[in-house]
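Okay, so here's the structure we're looking at.
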Amino acid sequence: MTENNQLISKNMENTLALLLRKLINQELQKNDYSDFLNQKQCAAFFNISVNTLKCWVSLGCPEIRLETGSVYYTKKAIYEWLTQHQRSLTRIH
251 MTENNQLISK
261 NMENTLALLL
271 RKLINQELQK
281 NDYSDFLNQK
291 QCAAFFNISV
301 NTLKCWVSLG
311 CPEIRLETGS
321 VYYTKKAIYE
331 WLTQHQRSLT
341 RIH
């Protein structure tokens, strides 16, 4: 009986792993990665210069820096940061 329980358990484990993998793949395919922008794209999107973007980063604006040296930004993170720092930024510029 113990061997049968282990067999059922293994079968269930394999089935759940397959279902989970399928669900993750479906969600990844739905995800819209257009939110990721490089420096030039981000500056253009927010209608600012690259230098202003660099200034924002020095003030704490979030960026994603890869080991390769590439830098990316997300619209959502910058919108949130701008909302939190709205008053202090108007005093600087």
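So the sequence shown is residues 251 to 343, counted in this note's numbering.
We put the CB at the ideal spot given by N, CA and C, even for glycine.
Report buried or exposed for Y328, applying the criterion of at least 16 other Cβ atoms within 10 angstroms of its Cβ.
Position 78 of the sequence shown holds residue 328. What sits at residue 328 in the sequence shown is Ile, not Tyr. Counting Cβ neighbours within 10 Å, I328 comes out buried, since at least 16 surround it.
Along the beta strand (DSSP E) that carries T324, what are the first and last residues, could you check?
Locating residue 324 in the sequence shown gives position 74, counting from the first residue. Segment 321 to 324, the beta strand (DSSP E) holding T324.
Between the Cα of C292 and the Cα atoms of V307, S308, Y323, L309, which residue gives the shortest distance?
Numbered from its first residue, the sequence shown carries residue 292 at position 42. Closest by alpha carbon: Y323.
Using three-state DSSP, classify F286 as helix, strand or coil.
Counting from one through the sequence shown, the residue named residue 286 turns up at place 36. DSSP places F286 in strand when its eight states are reduced to three.
Using three-state DSSP, classify I298 as helix, strand or coil.
The residue labelled residue 298 in the question sits at position 48 within the sequence shown. Reduced to three states, the DSSP call for I298 is coil.
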